[in-house]
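Contents: one structure, followed by commentary.
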Amino acid sequence: MTEYFTVTRELSAPRELVFEALTKPEHFAVWFGTAAVEVPQESLTMDVRPGGAFRAVMLLPDGNRIDWAGEYHVVEPPSHLAMTLTDQPGDDAGLPVLFDLEESDGGTVLTIRQDRSDFTDEQVAATIEGYNSFIDDIERVLADLQRA
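Note that the working numbering numbers the sequence shown so that position 48 is 1156, with each residue one more than the last.
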């Protein structure tokens, strides 16, 4: 049986804009990895369609890099996105990470669900913390988009 962990946040932006922040390379490069990590836009492959490839490189402050890979499984703008995501390209990426966007009075409720797989409790907590950091930066991207 699959066990998911979930991160849910309300964002002060319409669903269409949140979906754009999740799927457009120029926005994705800003929030993926947070402000502390560089994701060169030229390292991104984002073929946002079912079966499309995802690739990204994170350049860490200590000089190391993380290569990310995945595949888009479900793309239903502006409400749902499902994609695999792994920092071990070439290995089985596991079940897709699910992004659900629901309209709310304040904007959009973003819910991210990921299969716990064989993560320890500490790894789950660190991943949730990472997603919350991503969402903090998504909020900054959305604020910039709404000012433009």
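Backbone N, C-alpha and C fix where the C-beta goes; we use that ideal spot for every residue, glycine too.
When the alpha-carbon of E1179 is set against those of Q1231, E1247, G1141, L1203, the nearest one is in L1203. With contacts defined as CB atoms closer than 8 Å, A1129 and V1249 qualify as a contacting pair. Under the DSSP definition of a beta bridge, Y1180 partners with M1191. For G1141, the closest of W1176, V1183, M1154 by C-alpha to C-alpha distance is W1176.
For R1117, the enclosing beta strand (DSSP E) has its first and last residue at 1112–1119. Here the alpha carbon of E1237 sits roughly 19 Å from the alpha carbon of P1169.
Between the alpha carbons of G1214 and L1125 lies a gap of roughly 14 Å.
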